[in-house]
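Numbering-wise (our numbering), the sequence shown opens with residue 3 and increments by one.
Think of the CB as a built atom: it goes at the ideal place given N, C-alpha and C, for glycine as much as any other residue.
First the structure, in the form of structure tokens, and then the observations on it.
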Amino acid sequence: ISLFGGAGVGKTVLIMELINNVAKAHGGYSVFAGVGERTREGNDLYHEMVESGVIVPDGPGSKAALVYGQMNEPPGARARVGLAGLTLAEYFRDEEGQDVLFFVDNIFRFTQAGSEVSALLGRIPSAVGYQPTLATDMGALQERITTTKKGSITSVQAIYVPADDLTDPAPATSFSHLDATTVLSRQIAELGIYPAVDPLDSTSRMLDPRVIGDEHYNIARRVQEVLQQYKSLQDIIAILGMDELSEEDKLTVSRARKIQRFLSQPFHVAEVFTGSPGVLCALEDTIKGFQGIVEGEYDDLPEAAFYMVGSIDEVVEKAKKMAAEAA
Numbered sequence: 003i004s005l006f007g008g009a010g011v012g013k014t015v016l017i018m019e020l021i022n023n024v025a026k027a028h029g030g031y032s033v034f035a036g037v038g039e040r041t042r043e044g045n046d047l048y049h050e051m052v053e054s055g056v057i058v059p060d061g062p063g064s065k066a067a068l069v070y071g072q073m074n075e076p077p078g079a080r081a082r083v084g085l086a087g088l089t090l091a092e093y094f095r096d097e098e099g100q101d102v103l104f105f106v107d108n109i110f111r112f113t114q115a116g117s118e119v120s121a122l123l124g125r126i127p128s129a130v131g132y133q134p135t136l137a138t139d140m141g142a143l144q145e146r147i148t149t150t151k152k153g154s155i156t157s158v159q160a161i162y163v164p165a166d167d168l169t170d171p172a173p174a175t176s177f178s179h180l181d182a183t184t185v186l187s188r189q190i191a192e193l194g195i196y197p198a199v200d201p202l203d204s205t206s207r208m209l210d211p212r213v214i215g216d217e218h219y220n221i222a223r224r225v226q227e228v229l230q231q232y233k234s235l236q237d238i239i240a241i242l243g244m245d246e247l248s249e250e251d252k253l254t255v256s257r258a259r260k261i262q263r264f265l266s267q268p269f270h271v272a273e274v275f276t277g278s279p280g281v282l283c284a285l286e287d288t289i290k291g292f293q294g295i296v297e298g299e300y301d302d303l304p305e306a307a308f309y310m311v312g313s314i315d316e317v318v319e320k321a322k323k324m325a326a327e328a329a
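Shown next as structure tokens:
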């Protein structure tokens, strides 16, 4: 599973939130590889893990291993640290029979380090100045992340997208190895909606009725349909304004804007910055909420009530509070 995004759209915050929610609830082991990223982030993660009891510094009982080759390290170390983390994950899987979570931040820095090493070795660069062995380097890392009879490795990776260009060789090479791509959009981040996930650009092989069931699949597709209709109407809105739309289109726009805001979520790891407590919302509640929105059950509620809340019940509560304050 990958998190694609340019600079400053929230990849690291999202991966930290996933570590917070998944690694702490996960019974097995977790491995975190910090590849060429900020030292401060690695330090914060370590202390957070110690506080939550996932890591026990002085004795047995730790559930996580952290491997760092941060941006101050030479390129050889940064090129190797992802592979070192993966070797740890393979050991936990094969020798201890564990289902392992493997977090990587950031795959682009692994490619970048490989490019620097390649230049030092005097190799002729390929497209956009990357190393000629880009595809094999990426394959050497990604294709080792797999399930065996003894256990599994599930990997969540942040991938920096240079200049927000998904066709750049570094992010483009990783696409073929992934089961799910989560694209973080600068346009959505500019609206103040975090996590800034673009539901129309993101994909998953798991979005299949045989895997997730008919109800979940149908609602996910209906949500995408409403958002796609809104996207196609945006040019008309920009030129002629909302008044020129038909009543049906106005309703579609209203529901789409509510869906956009309902896709925001307060994070536990961002609590210190935002001051609002983090929320973990169950999948069933999320499906129920979106079903209500696309079926028009919440057409009477204001857009602002859907912003930065958890379940749909919290939306209804927030709308009541807003109405009381306005009165």
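Best match in the options for proximity to residue i [C-alpha to C-alpha]
| i | options | result |
| --- | --- | --- |
| GLY12 | TYR70, PRO173, ALA172 and ASN108 | ASN108 |
| ARG2 | GLU118, ARG80 and LYS26 | The chain is shown from 3 up to 329; residue 2 falls before or after that span and cannot be answered. |
| LEU202 | TYR196, GLN226 and ALA272 | GLN226 |
| MET98 | ASP181, THR150, THR135 and GLU118 | The displayed chain sequence assigns Glu, not Met, to residue 98. Comparing Cα-Cα distances from GLU98 to each of ASP181, THR150, THR135 and GLU118, the minimum goes to THR150. |
| ALA27 | GLY10, MET51, ASN45 and GLY38 | MET51 |
| GLU297 | ASP287, ASN22 and THR254 | THR254 |
| VAL294 | ASP315, LEU229 and GLY277 | Looking at the sequence provided, one finds Gly at residue 294 rather than Val. That would be ASP315, whose Cα lies nearest to the Cα of GLY294. |
| GLY8 | TYR219, ALA191 and SER266 | ALA191 |
| ASP96 | LYS152, GLN133 and THR89 | LYS152 |
| ARG257 | ASP170, ASN74, ASP287 and GLN230 | GLN230 |
| GLY215 | ARG259, LEU285 and GLY36 | LEU285 |
| GLY71 | GLU250, GLY84 and LEU247 | GLY84 |
| THR135 | ALA172, ALA67 and PRO211 | ALA172 |
| SER234 | ASN220, ARG224, ASP245 and ASP251 | ASP251 |
| GLY38 | ALA129, GLY131 and TYR162 | TYR162 |
| PRO197 | SER248, GLN267, ARG224 and GLY61 | GLN267 |
| THR175 | VAL58, ALA137, TYR48 and THR276 | ALA137 |
| ARG224 | SER54, GLN144 and ILE289 | ILE289 |
| VAL69 | PRO59, GLY36 and TYR48 | GLY36 |
| HIS49 | LYS323, VAL271, GLY131 and ALA328 | VAL271 |
| SER313 | GLU327, CYS283 and ALA329 | CYS283 |
| ILE195 | GLU249, GLU305 and GLU75 | GLU305 |
Cβ neighbours of residue i in the same chain (closer than 7 Å, five flanking residues each side left out)
| i | result |
| --- | --- |
| PHE269 | VAL15, GLU19 and GLY280 |
| ALA222 | LEU209 |
| LYS320 | ALA307 and VAL311 |
| THR148 | ILE155 |
| GLU25 | The residue you asked about is not Glu; residue 25 is Ala in the sequence shown. So the qualifying residues of the chain are SER32, VAL56, ALA66 and LEU103. |
Burial state of residue i, where buried means 16 or more other Cβ atoms lie within 10 Å
| i | result |
| --- | --- |
| LYS65 | buried |
| ALA165 | exposed |
| ILE126 | exposed |
| PHE6 | buried |
| GLU92 | buried |
| ASP237 | exposed |
| GLN159 | buried |
| LEU123 | exposed |
| GLY87 | buried |
| VAL106 | buried |
| PHE110 | buried |
| HIS218 | buried |
| MET140 | buried |
| VAL274 | exposed |
| LYS260 | buried |
| ALA325 | exposed |
| THR276 | exposed |
| LEU242 | exposed |
| ASN22 | buried |
| SER157 | buried |
| VAL130 | exposed |
| GLN189 | exposed |
| VAL213 | exposed |
Close Cβ partners of residue i (< 8 Å) along its chain, the five nearest in sequence each way excluded
| i | result |
| --- | --- |
| VAL317 | PHE264, GLY291, TYR300, LEU303, ALA307, PHE308 and VAL311 |
| LEU193 | GLN262 |
| ARG82 | GLY71 |
| MET73 | GLY38, GLU39, ARG40, THR41, ARG80 and ARG111 |
| PHE177 | THR183 |
Same chain, Cβ closer than 6 Å to residue i, neighbours up to 5 away in sequence not counted
| i | result |
| --- | --- |
| LEU180 | SER4 |
| PRO77 | ALA115, GLU118 and VAL119 |
| ALA67 | VAL33 and LEU90 |
| ASP170 | PRO164 |
| ARG146 | LEU88 |
| GLN133 | GLY116, SER117 and SER120 |
| VAL58 | SER64 |
Would you check if there are 3 or more beta carbon pairs closer than 8 Å linking the region 91 to 107 to the region 24 to 35?
-> At 8 Å Cβ cutoff, the stretches touch.
Does the region 44 to 60 come within contact of the region 188 to 201, defined as at least 3 CB pairs closer than 8 Å?
-> Cβ pair count under 8 Å is below three, so no.
Counting Cβ pairs closer than 8 Å, one from the region 184 to 191 and one from the region 125 to 144, do we hit at least three?
-> Cβ pair count under 8 Å is below three, so no.
What are the complete alpha helix (DSSP H) segments, minimum 4 residues, inside the region 134 to 186?
-> Entirely contained in the region 134 to 186, the alpha helix (DSSP H) runs reaching 4 residues are, in chain order, 136 to 144 and 171 to 177.
Length at least 4, wholly inside the region 94 to 126: the alpha helix (DSSP H) runs in chain order = Complete alpha helix (DSSP H) runs here, min 4: 109 to 122.
Sequence ranges, alpha helix (DSSP H) only - wholly within the region 203 to 247, length at least 4 = Fully enclosed alpha helix (DSSP H) runs of 4 or longer: 211 to 214 and 216 to 242.
Counting only runs that start and end within the region 9 to 97, where is the beta strand (DSSP E) found for 3 or more residues in a row?
-> The region 9 to 97 contains, as complete beta strand (DSSP E) runs of 3+ residues, the segments 32 to 37 and 66 to 71 (chain order).
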